[in-house]
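Below: one structure, written as structure tokens.
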Amino acid sequence: LWQERAGQAAELPGVQAEERERAGMPVTVVRVLDEAGERALGKPRGTYITLTLEGVETRADGAFPRAVEAVAAELGALLEQVDLDRGPVLVAGLGNRAITPDAIGPRVHDCTLVTRHLVGRMPEQFGHLRPVASVAAEVMGSTGLESRELVASVCQSIRPCCVIAVDALASRSLGRLCRTVQLADTGNHRAALDQESLGVPVLAVGVPTVVEGATLAADLLGVDRLPRSAPGRDILVTPRDIDRQVADLSKILGYGISMALQPGLGLEELELVLS
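Numbering of the sequence shown is given in my numbering, commencing with residue 19 and proceeding in unit increments.
In structure tokens, the structure reads:
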């Protein structure tokens, strides 16, 4: 929701907003500074980033490496708030692998470079890498566990310095469907993963892969929103080529997260290791 109001955010009390570019990709940053900002935006205080992936959907020349670079840079800026020397980083892929629009989290898990075992067992060869662990939390229907329960258990075991929670989102705008990456330092509230529940900082990363039927209708009609009584709020719409888009987006996020955590590695090295 923050990116919907970014144009007016600078005028709101307790809110700062800025527009910039990262590797040629547009970025909107909104910071909620205090209680006044929380009331104005309906969001807890923190930093909210929206990165628009221009050219990725059409696979424009050079779009993929620029998107990975932009994700890595924006996530890296949020990681500056974390004491990364206190322990490994845990990447938590949320969602249902069996449902393509909800499979972003598990597939990002597949595309993330995990190093905790290497650093711990062979420090002479891999001690220069940051220890990273990753888990595909999946959903209760396939594990019998809430995502929060599973991630909290892993946190108790390995004591990470922070958690990066990756999830699919529902878009409030047709134009942002599968075209934006949203990052925040306030945690993933849909899965109740935040510093209060886990005891460590939680950075949220998400991509909108579905849009409500009512939101789609409002966009096509050129109105802000339909009445709450309008049908279509329980219908979710996703692009026809969602399989390809989820595959591309998951790779961008997984590689971007890995580059942010391992700044000494380049894209070619990651592709060699992970492909």
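Beta carbons are placed, not taken as given, at the ideal position from N, Cα and C, and that holds for glycine.
If you draw a straight line from the Cα of Ala155 to the Cα of His207, it comes to about 15 angstroms. With 16 or more other CB atoms across the displayed protein chains lying within 10 angstroms of its CB, Gln200 is buried. Minimum Cα-Cα distance from Asp185 among the listed residues Thr227, Glu75, Glu37, Gly55 corresponds to Thr227. A straight-line Cα-Cα distance of about 16 angstroms links Val107 and Thr204. Nearest to Glu286 by C-alpha distance, out of Val109, Pro83, Gln213, is Pro83. In the DSSP assignment, Tyr66 forms a beta bridge with Val48, Ala202. Residues Glu230, Gly231, Ala232 of the same chain have their beta carbon placed closer than 8 angstroms to that of Arg251, with the five preceding and five following residues left out of the count. By the neighbour-count definition (other C-beta atoms within 10 Å, threshold 16), Thr161 is an exposed residue.
A distance below 8 angstroms separates the beta carbons of Arg63 and Asp52. Thr233: member of the alpha helix (DSSP H) spanning 231-239, first to last residue. The continuous beta strand (DSSP E) containing Ala183 extends over residues 180-189. In this structure, Val241 sits away from Cys179, with a CB-CB distance that is not shorter than 8 angstroms.
Fully contained in the segment 105-167 are the following alpha helix (DSSP H) runs of length 4 or more, in chain order: 122-128, 134-139, 141-144, 158-161. Put simply, the segment 121-134 touches the segment 268-288. At least three CB pairs are less than 8 angstroms apart. Residue range 81-97 is occupied by the alpha helix (DSSP H) that includes Glu87.
Arg125 and Val264 do touch by the CB rule: their CB atoms are close to 7 angstroms apart, below 8 angstroms. Closest by C-alpha distance to Leu96, out of Leu244, Pro149, Val48, Gly284, is Val48. Within the DSSP secondary-structure output, Leu211 pairs in a beta bridge with Asn206.
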